[in-house]
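Engineer: Take 66 as the starting number for the sequence shown in the working numbering and just add one per residue.
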Amino acid sequence: MIVTVPVPPIIDRKTFEAVQKLLKARNPKVIPVRVISGPTMLTGLIHCPNAARP
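(1) Under the three-state reduction of DSSP, which class applies to Thr69: helix, strand or coil?
(2) Could you please give the first and the last residue of the uninterrupted alpha helix (DSSP H) stretch that includes Lys94?
(3) To the nearest angstrom, report how far apart Ile76 and Ile67 are at their CA atoms.
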C-alpha cells in the first residue's frame, strides 16, 4: 500500500528552472578543463620584488 501526502513546493517553478539552468551551465563535464600542468601554470601569479620588470 502506498500513501501519498501532498507537499507544498519550497520554491516556485521559475526559480527552480533558473537554478537548474545555472547548474547545467556550470557543469564541469560541459566546461572544458583548464590546463593545470606545464611551464606556464604560474605565469603572472608570482612576482619577485628584486627582479627587473619589463
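The beta-carbon is built from N, C-alpha and C at its ideal position, and this holds for glycine as well.
Structural biologist: Result, derived from the coordinates:
(1) coil
(2) From DSSP, Lys94 is part of no alpha helix (DSSP H); its letter is neither H nor E.
(3) 26 angstroms
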